[in-house]
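Notes for the one structure printed next.
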Amino acid sequence: MIAIVHFMLDEHDAVGIVRRLLDPLPSGSCLAMSVGTADFAPDEVGRVAREYAARGMPMRLRTQDEAAAFFAGPDLVEPGIVQVHKWRPNRADGTESGGEGIPDEDIAMYGAVAHKP
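Each residue of the sequence shown is one higher than the one before, counting from 1 in full-length UniProt numbering.
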């Protein structure tokens with residue numbers, strides 16, 4: 001569910017849709033998702049959202065707490081719900097992967113992975 005739910009408005013019941021997609025999956029399945037947000041640059045991201053809406057593509061940007069609603073039930077994989085450039089910034093060997101130095105205000109998405117018990 002990458003780059004999808006920010007185009008699902010509240011009246012579409014985005015959380016319910018994600019649950020209906022996840023429910024029939026077997027135990028051990030994973031949900032990977034990104035969620036658009038204006039938490040780090042509200043003016044700039046708000047301007048972008050208004051431009052999308054003016055072109056017929058309304059967006060629903062969500063806070064971190066609102067993003068958490070999509071993950072109620074499955075177990076979040078560490079580091080949980082964070083900006084996508086912070087999700088796993090280091091390789092397994094401890095070396096940096098290239099996400100360092102990116103300002104938070106440049107990234108308008110949370111990302112997370114959850115494991116269905």
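All C-beta atoms, glycine included, are put in the ideal place defined by N, C-alpha and C.
Could you work out which residue in 103, 67, 105, 117 is closest to residue 16 when comparing CA atoms only? For this step, residue 16 is matched to residue 16 along the sequence shown. If we check each option's Cα against that of residue 16, 67 comes out closest.
Taking three-plus beta-carbon pairs below 8 Å as touching, is the stretch 47 to 61 in contact with the stretch 70 to 77? no
Closest to residue 4 by CA distance: which of 113, 43, 13, 35 is it? Counted from its first residue, the sequence shown places residue 4 at position 4. Checking every option, the nearest Cα to that of residue 4 belongs to 35.
Thinking C-beta only, is residue 29 closer than 9 Å to residue 115? Here the question's residue 115 lines up with position 115 in the sequence shown. Here the question's residue 29 lines up with position 29 in the sequence shown. Yes; because the gap between Cβ atoms is below 9 Å, this pair is in contact.
Specify, as a first and last residue, the run of the beta strand (DSSP E) that residue 112 falls within. The residue given as residue 112 occupies position 112 in the sequence shown. Per DSSP, residue 112 belongs to the beta strand (DSSP E) from 109 to 115.
Pick out whichever of 111, 63, 93 has its Cα sitting closest to the Cα of residue 82. Position 82 of the sequence shown, counted from the start, is the residue given in the question as residue 82. Closest option to residue 82, Cα to Cα, is 111.
Taking the beta carbon of residue 10 as the centre, do at least 16 other beta carbons fall within 10 Å, making it buried, or is it exposed? Stepping through the sequence shown from its first residue, residue 10 is reached at position 10. Exposed, because fewer than 16 other Cβ atoms sit within 10 Å of the Cβ of residue 10.
For the alpha helix (DSSP H) containing residue 46, list its first residue and its last residue. Translated into the one-based positions of the sequence shown, residue 46 becomes position 46. Run containing residue 46: 42 to 54, per the alpha helix (DSSP H) assignment.
Reference residue 14, options 71, 79, 103, closest by Cα: The count along the sequence shown starts at 1 and reaches residue 14 at position 14. Nearest C-alpha to residue 14: 71.
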